[in-house]
Amino acid sequence: MNVLFLSISSLPHMSEHSISLDLLREFQRNGHRVYVVCAIEKKENADTSFCEEAGISVLRVKTGNNKNTGLIEKGMTTLFLPNFYISAIKKYLNDVKFDLVLYPTPPVTHVKTVKFIKKRDGAKSYLLLKDIFPQNAVDIGMMTKWGVKGLIYRYFRKQEKELYRISDRIGCMSGANVDYVLKHNPEIDLEKVEISPNSIEYVDMRISDDGKNRMREKYGLPQDKKVYVYGGNLGRPQGIPFLIDCLRAEKDNKEAFFLIVGNGTEYGKLETFVNEEKPDNVLLLKRLPKEDYDLLAASCDVGMIFLDHRFTIPNFPSRLLSYMQAGLPVIACTDPNTDVGRVIAEGGFGWWCESNDVKAFEAVVAESLKADLKETGKNGHDFLKENYTVEKNYESIIDKFRVRNKVNG
């Protein structure tokens with residue numbers, strides 16, 4: 367069958383690894399013809415293009431700027447994106463009849479594009495719910511429900527509900543996400559909401575002790591301490607002030623070393639903390655190329671996840687999978703509404719504490735220092751293979767459409 371994937375992001379080459387691209391390649395391996403429509407931002411100085419990448423047909427549509435830009439430009443780009451996409455689809459993919467359209471959130475503004483494909487081709491639609499917007503923005507103070515600014519919230523909330531309505535299936539990252547969506551949108555048929563977890567192509571990213579030593583030497587990490595790594599976005603959703611409080615509380619811990627790698631709007635706060643307080647057991651690095659970061663992370667002992675305590679929506683960060691792939695146990699510091707901490711603790715591959723309790727963080731670090739980290743990390747590695755591979759996720763998605771859609775040769 368012909369499968370269309372819509373993304374607001376400027377996606378990398380289709381041969382690269384990410385939760386989206388890994389899943390699309392699994393569709394391709396199972397005989398489906400995969401098409402991708404994604405953005406290429408104005409600042410990249412490139413025109414709309416259509417080409418083949420790793421056997422996947424990719425339509426990169428020139429749009430306004432969406433990342434690392436002002437709120438007004440970002441908002442305008444998001445609003446007009448469906449018009450850009452529909453125009454490009456009509457020009458480059460007019461003779462392709464799609465059987466299935468996949469689309470992740472954010473954003474919720476795929477509505478117009480999905481409606482167009484469903485009406486034109488009679489396609490089925492599957493929403494990959496990766497974030498619950500606009501409530502996530504309200505939770506961390508980036509949006510309000512009231513006053514003039516509340517008009518923006520109400521617009522996006524209406525778009526969110528319409529996206530749920532037109533989706534034939536809604537795949538949520540975890541059980542807590544399913545419960546949240548149904549509780550706050552009681553009009554949704556519960557039969558069309560299911561768990562579709564973040565998933566990846568399984569690759570064993572564990573490295574030898576010699577490899578770990580070489581990587582630690584390269585980046586100046588201690589060989590005689592347990593290294594705790596956080597890698598990824600450093601923005602408001604991660605609750606960086608709490609992370610800083612945790613690092614400050616651990617500054618005299620002679621057994622633990624903390625590595626923070628990433629970029630984001632809150633990076634400056636971490637940089638100021640490191641420069642002014644000069645903790646001996648903290649290293650802050652800007653974002654690294656994926657290949658370099660993966661090796662560096664695999665040379666560490668424990669992975670860390672941080673989420674702002676104000677969240678009422680149940681986030682389930684995809685960076686968890688990269689830790690599991692590298693065989694690292696995980697410490698999750700989150701709000702009480704997500705179930706990621708429960709999954710980690712009950713799966714026996716890490717620890718959880720609330721992200722407003724520094725003492726609790728100190729306690730789980732102390733507990734981890736006494737644990738068999740290799741065995742705990744192996745538990746996570748095995749859990750990944752059992753639950754979070756694209757093979758399993760693909761089967762759960764395609765099973766719902768097999769009766770209507772048979773693979774076209």
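The numbering of the sequence shown is the numbering used here, which starts it at 367 and goes up by one. In this text, a Cβ means the ideal position worked out from N, Cα and C, and glycines have one as well.
_Just to confirm, is the Cβ distance from E616 to N647 under 9 Å?_
yes
*Could you please give me the residues that DSSP links to F371 through a beta bridge?*
V402, L468
*Starting from L459 and walking both ways along the beta strand (DSSP E), at which residues does that stretch end?*
No beta strand (DSSP E) holds L459; DSSP gives it neither H nor E.
*From which residue to which residue does the alpha helix (DSSP H) around V724 run?*
724–736
*asked:* What does the alpha-carbon distance come out to for the pair L372 and V402?
replied: 6 Å
*Less than 8 Å between the CB atoms is what I'm expecting for G714 and Y689, so what's the real figure, rounded?*
With 8 Å as the limit, G714 and Y689 do not qualify as a contact, their Cβ atoms being about 14 Å apart.
*Separation of H383 from K592, as counted between CA atoms*: 28 Å
*My guess is that P680 and N460 are in contact by the Cβ rule of under 8 Å, so how many angstroms apart are they, rounded?*
At roughly 40 Å, the Cβ-Cβ gap does not stay under 8 Å, so P680 and N460 are not in contact.
*Which residue spans inside the region 539–625 form an unbroken beta strand (DSSP E) run of at least 3?*
559–561, 592–599
*asked:* Helix, strand or coil, according to DSSP, for W718 in the structure here?
replied: strand
_For C538 and S381, I'd like the C-alpha separation in whole angstroms._
25 Å
*Looking at F623 and P588, is the spacing between their C-beta atoms short of 9 Å?*
yes
*Within this structure, are the beta carbons of L370 and L529 separated by less than 9 Å?*
no
*Beta-ladder partner(s) of G628, from DSSP*: G598
_Beta-carbon within less than 8 Å of R653's beta-carbon, same chain only, minus the 5 sequence neighbours each way: which residues are those?_
V627, G628, N629, Y659
*Environment of M367 [buried if 16+ CB atoms lie within 10 Å]*: buried
*asked:* If I measure Cβ to Cβ from Q345 and keep anything under 6 Å in the same chain, skipping five residues before and after, which residues do I get?
replied: For residue 345 there is no data in the structure shown, the boundaries of the chain being 367 and 775.
*Following the continuous alpha helix (DSSP H) through I518, name the residue where it begins and the one where it ends.*
516–532
*Give me whichever residues DSSP pairs with K490 in a beta bridge.*
L466
_I'd like to confirm something about L445: is its beta-carbon nearer than 8 Å to some heavy atom of the ligand ZN, or not?_
Ligands in the displayed structure: none, and consequently the ligand ZN is not present.
*For R770, collect the residues of the same chain with a Cβ closer than 6 Å to its Cβ; drop the 5 residues on either side in sequence, then sort them by chain order.*
Reliability fails at R770, whose pLDDT of 49 lies under 50, so the model's placement of it is uncertain and the value that follows must be treated cautiously. None.
*Sort E439, E410, C404, D413 by Cα distance to S423 and report the nearest one.*
C404
*asked:* If you reduce the DSSP assignment to three classes, tell me which class V756 lands in.
replied: helix
*L625 beta carbon less than 9 Å from that of L600*: no
*asked:* For the beta strand (DSSP E) containing L694, name the first residue and the last one.
replied: Segment: none, L694 is in no beta strand (DSSP E) and carries neither H nor E.
*Does the Cβ-Cβ distance between I566 and Q394 come in under 9 Å?*
no
*asked:* Buried or exposed for E418, going by 16 or more other Cβ atoms inside 10 Å?
replied: exposed
*What does I671 pair with, by DSSP beta-bridge criteria?*
A698
*For G430, which of helix, strand or coil comes out of DSSP?*
coil
*For P695, is the classification buried or exposed, using 16 other Cβ atoms within 10 angstroms of its Cβ as the cut-off for buried?*
buried
_Check whether the region 736–753 and the region 439–454 touch, using three or more Cβ-Cβ pairs below 8 Å as the test._
no
_As assigned by DSSP and simplified to three states, the class of G537_ = strand
*For L425, count neighbouring C-beta atoms within 10 Å of its own C-beta (all shown protein chains included) and say buried if the count is 16 or more, exposed if not.*
buried
*Would you call the region 725–734 and the region 701–709 touching, i.e. three or more CB-CB distances under 8 Å?*
no
*Check the DSSP bridge columns for C417 and list the partner residues they point to.*
V424
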